[in-house]
Structure formats: C-alpha cells, structure tokens
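In what follows, a single structure is set out as structure tokens and then discussed.
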Amino acid sequence: MEFQIIWFILWGVLWAVYFMTDGFDFGVGILQGFLGRNEGEKRTIINSVGPVWDGNEVWLITAGGATFAAFPTTYALMFSYLYSALLLILFALIFRGVAFEFRGKVDSEAWRKGWDAAIFLGSFLPALLFGVAFGNIFEGLPMDAAGYHGTLFTLLNPYGLLTGVLFVMLFIEHGALYLAVKTSGDLAERSGKLANNIWPLLLIIAVSFLGYTYFATNLYANYLNNLILLIVPVIAVLALLLIKVFAAKGNYLSAFFSSCITILMVVFTGVIGLYPNLIPSSIDPNYSLTIFNSSSSVYTLTIMTVVALIFVPIVIAYQIWVYRVFRHRISAEDIIKDSNAY
Amino acid sequence: MDTLELSRLQFAVTAAFHFIFVPLTLGLSIMVAYMESRYVSTNDDMYLRMTKFWGKLFLINFALGIVTGITLEFQFGMNWAEYSKYVGDIFGAPLAIEATVAFFLESTFIGLWIFGWNKISKKTHALSIWLVAIATNLSAVWILLANGWMQHPVGYVLRNNRAEMVDFGAMLTNTYGWLKFFHQIFAGYIVGAFFVMGISAYHILKKSNLDFYKRSFRIGATFALVSSILVIFSGTFHAEEVALTQPTKFAAMEAVWDTQKNAPYNLLVIPDPANEKNSVEAIGIPNLLSLMAFHRADAEIKGLKEFPREERPPVLPVFFSFRAMAGLGFIFLLLALIAFVVSRKDRLEFNPGLLRILLYMIPLPYLANQIGWIVAEVGRQPWIVYGLLKTSDAVSKSISMSQVVASLLGFTLVYGLLGTIDIYLLTKYARKGPDNDLSGIIKTERI
C-alpha cells in the first residue's frame with residue numbers, strides 16, 4: 005500500500021480517537037453546570053475526567069503534528085485558512101485546561117463561578133467549532149490558485165453549523181453516558197436519564213446530517229463507487245441505535261461503548277468520503293488538496309510510519325491501563341475527603 | 027507594521043510566555059521525583075510532605091506550560107504557512123514524534139500522579155512522576171532537535187520547491203541541536219533549583235518549618251551547583267558550535283565588525299551599529315575570543331562587515347542579551363557554591379543576607395532563559411532557517427492584518443490575565459507552607 009494511504013488512514017484514526025476521548029471531556033464540561041446541583045456534585049463531575057482529560061487532549065496535538073509531518077501543505081493551508089476558528093478553539097482549550105487546575109485553588113464563590121464559565125465555554129466552543137471546521141472541510145473550502153476566499157463567517161454556513169451541532173450533541177450524549185458510568189448515586193441517575201432524554205434529538209440531528217450531506221457535499225461518491233464501504237456508516241447508525249437500546253435498559257457502560265463506536269464511525273464516514281482529498285476545493289477540484297499532492301516525501305513518510313507503528317500501540321496500552329486504574333465510580337464524599345482532587 | 031511584523035511579534039510573545047513555565051517544569055519535575063523516591067526508600071513522612079508541597083507548585087506551573095504549548099504547534103501553520111510548506115517534510119517529523127513519544131507520556135502519567143495517590147502502590151506512584159520528568163526532558167530533545175535544524179539545517183535536499191529530508195540520522199545527530207538541548211535543560215534545572223532555594227529561604231527567614239525547608243534547600247543547592255557548572259560547560263561548547271556554523275550570529279554576540287585573526291575578548295564594549303563599529307571597546311584580553319571560538323590564538327573571526335547588511339541580525343539585542351546571560355551564569359555558579367557550602371555546614375538560618383538574596387534571585391534564572399532565547403532566535407535573523415529561508419518569506423499569505431491584530435491582542439490579554447493568576451497562586455501556595463495533614467493519602471502498598 006502506498007504510504008500516503010497509510011498516513012491518510014492514520015490521520016483519520018488520530019482525529020477519530022481524539023473526538024472519542026476528548027469528546028466526553030467536552031460533554032462533561034458542557035453538562036457540569038446543568039447536572040451539578042451543588043458544589044460537591046460539580047467537583048465530582050470535574051474530577052470524573054480529572055485524571056484523563058490531559059492525556060486525551062494530546063490526541064489533538066498528535067493529529068496536528070501528524071498533519072504537519074505527513075501532509076505539510078495541507079497543514080499549512082488548513083491552519084492558515086481556518087485561522088480565526090482555530091484561534092477561538094485555542095483560547096477555549098487554554099481556558100478549559102487551566103480551569104480544571106485552578107478552580108479549587110482559591111476558596112471563593114466568584115472564583116469558582118468564573119472557572120465554571122471557562123469550563124463550559126472551553127468545552128462547548130471547541131465541540132461546536134471542530135464540527136463547523138470539519139463540516140466545511142467536507143463541503144470543500146473556497147480556494148484556488150489565489151488562495152482562500154472566505155472568512156470566519158463563510159464557515160458559519162448551514163451545513164457547517166449543522167455539523168457543529170451534530171458534534172455538540174454527540175459529545176453531550178457521550179459525556180452524559182460517561183457520567184452515568186463514572187459517578188454514583190443521584191448524580192449518576194440524573195446523568196443516565198439525561199442521556200436517554202436527549203437521544204431522540206441526537207437521532208434527528210444525525211439523520212438530518214446524513215441527508216444534508218447528500219446535497220451539500222460530495223462525500224457519498226466514494227460509497228456509490230464502492231458499496232462495501234457503506235459498512236462504515238451502517239455501523240455508525242447501528243451503534244447510534246444501540247446507545248438507546250442499552251441506555252433504556254440502564255446498561256450505561258455498554259451505551260457508552262456504543263457511543264464510542266458511533267463517534268469513531270462518524271469520523272471515519274467523513275474521512276472515507278473525502279478520499280483522496282484532505283481538503284476539497286469548492287471552486288475547482290484541480291485546487292483540492294489531496295493526500296498525494298500535499299504529502300511529505302516517501303522517505304519522511306516511511307520514518308513516520310515506523311515511529312507510529314511502534315509508539316502509538318504503546319501509548320494506547322498505557323492509556324488503557326490508566327483508564328483501568330481509574331475505572332471505579334467516584335462520589336462527592338470521596339472527593340471532599342481527597343486533598344489531591346481538583 | 028504588516029502581517030509579517032505582527033506575526034513575528036505574536037510568535038515572540040507566545041513563545042516567551044510559554045517559556046516562563048517550561049524551564050521550571052524541566053527542573054522541578056526531577057526534584058519532586060527525587061523527593062518522592064526518597065520517601066519510597068526511607069518511608070520518612072518529611073519527604074512525602076516535600077513531594078506534596080513542591081508538587082503542588084509544580085502543578086500550578088505545569089498547567090499553563092501545557093496549554094500554552096499547543097499555541098506554538100498551531101502557529102506554525104496559522105502564521106507561518108509558507109515556512110510549513112517549505113520545510114514541513116523535515117521539520118514536521120520531530121514535532122509529531124515529540125507528541126507521540128513524549129507528550130503522551132507526560133500528560134497521561136501526570137494524571138495518574140495527581141489522582142493516583144491511594145490507587146496505585148507507592149513505587150508505581152513515584153515511577154509515574156519519574157516518567158513525567160523523563161518525558162518532559164525527552165520533549166525538550168525533540169523540540170530542540172527541531173530548533174537545532176532551523177539553526178543549522180542538515181540532512182535535506184532542495185527538491186519539488188521545498189526542503190526534503192534525505193537523512194533522518196543527520197537530524198538526530200545534529201550537534202547543534204544536542205548542544206542546545208544540554209544547555210537548555212541545565213538552564214531549566216537552574217530555574218528549578220533557585221526556585222526551591224528561594225522559597226525555602228523565605229520560610230527559613232520566617233523560621234517556619236525550619237527542618238522541612240532546610241532539607242528542601244539542600245536538595246535545591248546541590249541541584250543548583252551541579253547545573254550551574256554544567257550550564258557553563260555546555261554553553262561554552264554551544265558558543266563554539268555557533269562560531270563554526272552561524273558566523274553572523276557569533277559576530278553579533280561579540281559585536282565583532284571587522285574580520286580579524288588573534289581576536290581579543292573585550293570586557294567592556296558598547297556597539298554602535300549605525301556606524302558599524304563599537305563606540306567603546308576596552309580591557310581587551312589578547313587572543314581570547316579566537317581561542318574561545320576555535321581553540322587557536324590565530325584563528326580568524328569573521329566580522330559583521332563581511333556580510334551584506336540585509337543578512338546581519340540586529341546587533342544590540344543579541345550582544346547585550348548574550349553578555350547578560352553569560353554574566354548571570356557566573357553569578358548563579360557563585361551563589362550556588364556559597365549556598366551549597368552554607369547549607370552543608372547547616373548555617374543557613376545564621377545567614378539572613380544570603381537567604382534574602384536567594385529569595386529575590388528567583389526571577390533571574392527565568393530572565394537568563396528568556397534572553398538566552400533572544401540570542402538564539404534574534405541572532406538567527408534574518409533567517410528563519412539559517413542560510414536557507416528568510417523569515418520574510420515564511421509568513422502565511424492568506425492571513426489579514428485584522429486577523430493578526432485581533433489574535434495578538436487576544437493572546438496578550440489572555441496570557442496577561444492567566445500569567446497574573448498563575449503568579450498569584452504560586453505566591454499563595456509558596457507562602458502557605460507544607461500541608462501537615464497527610465490523611466488524603468492512604469498509605470497502602472497495593473490495591
């Protein structure tokens with residue numbers, strides 16, 4: 005197989021794993037103010053992702069770094085064309101990360117309220133804007149030989165916004181299920197109930213997205229040429245349905261894993277549809293950035309492949325181990341007793 | 027100002043801000059890991075309290091270091107798209123490898139360390155902070171190999187309108203990058219060591235938790251002494267490498283205008299760039315500059331006039347930063363030596379003068395790190411990749427003035443706010459002293 009294709013797959017995997025892991029952090033961050041009825045519950049919600057959010061965020065850094073190393077031209081144009089959107093994502097992520105660490109450091113109601121707002125915006129904005137950015141990539145960016153002909157506001161078109169809302173809903177569902185699994189008592193129950201209640205809305209948005217995609221993008225062309233690929237969106241839909249099946253029975257762990265698979269498959273669905281483009285041009289396909297015209301040399305790709313094949317499995321192994329160490333439910337009582345908690 | 031100037035300013039602001047937090051992380055992570063190892067081997071609660079106290083300060087600092095690092099990775103694409111296109115084939119690799127082999131390790135195990143106190147065995151817990159410390163330093167390897175490549179590009183050919191990697195080994199063994207790495211980590215250790223000594227000095231002066239802070243001080247002093255010796259050695263080798271590979275930077279560092287053999291080292295110099303000479307040049311030690319650069323008294327030092335004006339870096343910031351950095355380096359060595367001796371003799375509380383100096387010294391190693399990078403980065407100008415690509419050709423073409431003005435303002439405000447909060451929290455927790463309640467840590471061997 006050509007190295008460009010290997011790296012295209014890896015590129016998709018890195019983004020997919022990023023959204024699967026940091027996705028529940030975003031959901032948890034969005035829900036913190038709504039589900040946490042008192043300080044103990046709010047802290048429980050934050051601490052449920054405390055040990056893992058940082059490691060999750062590195063999947064983004066790695067996805068960015070891999071884009072740079074494997075597809076430098078795409079990295080350069082994607083990041084400079086989407087300048088303002090990325091800037092907002094950056095600020096949001098900066099505030100979220102700092103908020104987790106600083107929130108508990110001063111005993112003042114105003115202080116905590118401020119950081120709670122940072123956690124909400126720092127989770128909601130990236131969730132929305134990553135969706136908007138990917139929606140626009142699916143549609144193609146208005147770019148030609150002269151460069152990019154758009155602004156932050158051209159990104160906020162109906163399809164881009166719908167993709168943004170889809171991401172937000174996916175992550176809220178994901179985060180609610182995570183809280184139903186990780187917290188205990190009343191809080192866990194309310195989280196599970198919320199996951200059940202918002203699921204129909206998620207379904208409606210997901211179906212609209214799949215339908216709108218047919219009109220707004222060229223993503224389905226690859227599937228029509230190669231029907232076997234349809235298995236990926238089919239799994240996505242099945243996993244989405246399974247979320248509800250499990251959640252309705254109160255089996256939130258299985259529902260959470262179904263949600264993981266849904267997110268992975270939604271990202272793969274988009275990425276497969278893009279092939280061989282990384283960013284299509286909406287003006288003229290000749291100006292599309294493909295994995296072939298924007299890639300690094302075969303030499304560089306070979307080295308990066310060796311590095312990735314050795315280290316990515318190691319990373320996955322120790323991250324799974326850390327998840328296992330923190331697999332137990334936490335409660336407000338534990339958090340208050342624990343001087344090490346956020 | 028245009029997008030180029032603004033982007034340069036923004037990169038300088040964001041990199042400098044990020045670099046307030048990195049050096050302390052490099053040094054303090056190792057000291058905290060050492061303290062926890064001592065706790066594991068001696069079972070002495072004192073070391074556990076040390077780990078917790080210094081660990082808390084470490085984490086407050088670490089949080090901002092992490093989040094401000096993302097900005098830098100994004101900015102190469104956002105503001106320096108032409109650079110990224112031109113050298114991404116070779117420059118992207120170390121950044122991606124850094125994330126994969128180092129940053130994951132650091133970020134995953136810091137979570138385990140913060141929250142794992144009563145969930146994993148004592149040994150595994152100590153191991154996790156060691157992994158964080160190792161990963162932080164490993165991060166520095168890849169970042170500085172990347173920067174070393176910008177300073178002294180190796181292992182590439184120009185093909186397909188860009189620089190393509192042909193020899194990964196050459197990048198891995200780039201002497202320039204490794205010297206930068208060693209010089210940087212020791213400079214970071216000095217920040218950590220003087221931070222620990224300074225805060226300990228504050229408490230010793232107040233006679234609070236005397237035994238605790240005297241022991242902390244001793245760890246800091248040993249670390250400071252070793253690091254300040256090594257930083258001078260690595261710095262000397264580094265300067266030689268600069269003389270060899272970046273003649274314009276070296277000439278600016280020493281304000282040498284005319285090419286000369288048997289170049290003297292002038293202790294007192296005031297450069298006058300407008301007239302391409304030094305307005306003051308006094309107390310010269312014959313042959314010393316030639317000797318320092320090339321180990322030969324008659325070695326030729328290239329002067330700035332040898333190069334066209336548009337290929338010279340700005341002399342004043344490079345020259346004065348270099349002098350100040352080197353001067354500070356010797357002050358650190360002297361103070362570390364005194365602090366080491368006094369703390370070994372257990373005479374700290376009888377030397378309030380020394381303690382006060384060390385308390386107010388805390389910012390100086392930070393300053394030395396910052397101006398060291400001014401020498402490295404301003405000294406490389408007008409090149410973004412020395413001899414290969416000019417900074418002016420590297421900026422993104424698609425970004426507008428208003429975008430960069432807005433982002434620069436945003437960064438300044440956000441970073442200003444967060445920096446202030448960080449200093450406030452560090453001061454608050456440094457003053458507060460160690461937590462004597464260890465009930466949060468259930469000391470079990472294995473769950």
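Same order as they appear, the protein sequences are chains B and S.
Using the working numbering, the letters of the first sequence map in sequence onto residues 5 to 346.
Using the working numbering, the letters of the second sequence map in sequence onto residues 27 to 473.
We put the CB at the ideal spot given by N, CA and C, even for glycine.
If the cut is a Cβ gap below 9 angstroms, which residues of chain S does residue 288 of chain B touch?
Under the 9 angstroms cutoff, chain S gives no residues; its nearest Cβ is about 17 angstroms from residue 288 of chain B.
At a CB-CB cut-off below 7 angstroms, which residues of chain S make contact with residue 56 of chain B?
137, listed in chain order.
From this set, B:176, B:254, B:156, B:114, which residue's C-alpha is nearest residue 28 of chain B's C-alpha?
Nearest C-alpha to residue 28 of chain B: B:176.
Can you tell me the Cα-Cα spacing of residue 275 of chain S and residue 336 of chain B, whole angstroms?
Each residue's Cα considered, the two are about 58 angstroms apart.
List in chain order: all unbroken alpha helix (DSSP H) runs of 4+ residues lying wholly within the segment 104 to 185 of chain B.
Listed in chain order, they are 113 to 143, 156 to 159.
Have a look at residue 39 of chain S and residue 212 of chain B and give me their C-alpha separation to the nearest angstrom.
Computed Cα separation, rounded: 44 angstroms.
If you reduce the DSSP assignment to three classes, tell me which class residue 409 of chain S lands in.
Reduced to three states, the DSSP call for residue 409 of chain S is strand.
Say the cut is 6 angstroms; is the CB of residue 47 of chain B nearer than that to a heavy atom of the ligand FAD?
Absence of the ligand FAD is noted for the structure shown, with no ligands found whatsoever.
Rounded to whole angstroms, what's the CA-CA distance from residue 117 of chain S to residue 104 of chain S? Just pull it up for me.
Distance between the alpha carbons of residue 117 of chain S and residue 104 of chain S is about 16 angstroms.
Nearest CA to the CA of residue 194 of chain S: which residue from B:311, B:340, B:12?
Among B:311, B:340, B:12, the Cα nearest to that of residue 194 of chain S belongs to B:311.
Any chance you could list the alpha helix (DSSP H) runs of at least 4 consecutive residues sitting entirely within the segment 337 to 413 of chain S, in chain order?
The segment 337 to 413 of chain S contains these whole alpha helix (DSSP H) runs: 341 to 370, 378 to 387, 389 to 404.
Short of 7 angstroms Cβ to Cβ, which residues in the segment 69 to 80 of chain B face chain S?
Of all residues in the segment 69 to 80 of chain B, 69, 70, 72, 73, 76, 77, 79, 80 have a Cβ within less than 7 angstroms of some Cβ in chain S.
Which of the three DSSP states is assigned to residue 20 of chain S in this structure?
The question about residue 20 of chain S has no answer, for chain S in this structure spans 27 to 473.
Throw me the rounded Cβ distance for the residue 277 of chain S and residue 330 of chain S pair, which I believe falls under 8 angstroms.
Residue 277 of chain S to residue 330 of chain S, Cβ: 5 angstroms. Contact.
Output needed in chain order: residues of the segment 300 to 332 of chain B with a Cβ under 8 angstroms from some Cβ in chain S.
Taking 8 angstroms as the Cβ-Cβ cut-off against chain S, the residues of the segment 300 to 332 of chain B that qualify are 300, 301, 303, 304, 307, 308, 311, 312, 315, 316, 319, 322, 323, 326, 329, 330.
Helix, strand or coil for residue 286 of chain S? Go by DSSP, reduced to three states.
If DSSP states are grouped into helix, strand and coil, residue 286 of chain S belongs with the strands.
Would the segment 101 to 108 of chain B and the segment 147 to 165 of chain B be scored as touching if the rule is three or more Cβ pairs under 8 angstroms?
They do not touch, by the three-pair rule.
Have a look at residue 245 of chain S and residue 370 of chain S and give me their C-alpha separation to the nearest angstrom.
Looking at the two C-alpha atoms, the distance is approximately 10 angstroms.
CA-CA distance, residue 253 of chain S and residue 335 of chain S?
Rounded to the nearest angstrom, the two C-alpha atoms are 38 angstroms apart.
Can you list, in chain order, the residues of its chain whose CB lies under 6 angstroms from that of residue 206 of chain S, leaving out five sequence neighbours each side?
Within the same chain, residue 206 of chain S has close Cβ partners 170, 174.
Please report the Cβ distance between residue 47 of chain B and residue 345 of chain B, rounded to the nearest whole angstrom; I am assuming they are in contact, meaning their Cβ atoms lie under 8 angstroms.
Contact flag correct, Cβ pair sits at about 7 angstroms.
Step through the CB atoms of chain S and report whether any lies within less than 7 angstroms of the CB of residue 85 of chain B.
Taking Cβ atoms only, chain S reaches closer than 7 angstroms to residue 85 of chain B, which makes this a yes.
With a Cβ-Cβ cutoff of 7 angstroms, do residue 129 of chain S and residue 62 of chain B count as a contact?
Result yes, Cβ atoms of residue 129 of chain S and residue 62 of chain B sit closer than 7 angstroms.
Run through chain B and tell me which residues come within less than 8 angstroms of residue 436 of chain S, C-beta to C-beta.
Correct list: 91, 95.
Quick one: list the residues of chain S neighbouring residue 281 of chain B, beta-carbon separation under 9 angstroms, in chain order.
Chain S residues near residue 281 of chain B: none, gap ~18 angstroms exceeds 9 angstroms.
Using a 10 Å radius around the Cβ and a threshold of 16 neighbouring Cβ atoms, would you call residue 332 of chain B buried or exposed?
With fewer than 16 Cβ atoms within 10 Å of its Cβ, residue 332 of chain B is classed as exposed.
Return the chain-ordered ranges of every beta strand (DSSP E) run that is complete within the segment 195 to 223 of chain S and spans a minimum of 3 residues.
The segment 195 to 223 of chain S contains no whole beta strand (DSSP E) run of 3 or more residues.
Chain B partners of residue 429 of chain S, CB-CB under 7 angstroms?
Within chain B, the residues near residue 429 of chain S are 87, 88.
Can you name the start and end residues of the alpha helix (DSSP H) that residue 76 of chain B belongs to?
Element bounds for residue 76 of chain B: 76 to 85.
Measure from the C-beta of residue 66 of chain B to each C-beta in chain S and report whether the shortest distance is under 7 angstroms.
Closer than 7 angstroms to some Cβ of chain S, the Cβ of residue 66 of chain B qualifies, so yes.
Are the C-beta atoms of residue 44 of chain S and some chain B residue less than 7 angstroms apart?
Answer no: the Cβ-Cβ gap between residue 44 of chain S and chain B never drops below 7 angstroms.
Hey, quick one: how far does the alpha helix (DSSP H) through residue 167 of chain S stretch, first residue to last?
It spans 148 to 177 - the alpha helix (DSSP H) in which residue 167 of chain S sits, taken as one unbroken run.
With a Cβ-Cβ cutoff of 7 angstroms, do residue 114 of chain S and residue 72 of chain B count as a contact?
Cβ distance < 7 angstroms, so residue 114 of chain S and residue 72 of chain B count as in contact.
According to DSSP, is residue 326 of chain S part of a helix, a strand, or is it coil?
Of the three classes helix, strand and coil, the one that applies to residue 326 of chain S here is strand, per DSSP.
Can you list, in chain order, the residues of its chain whose CB lies under 7 angstroms from that of residue 157 of chain S, leaving out five sequence neighbours each side?
131, 135.
At a Cβ cut of 7 angstroms, what residues of the segment 106 to 121 of chain B count as close to chain S, listed as they run along the chain?
Cβ contacts with chain S come from 106, 109.
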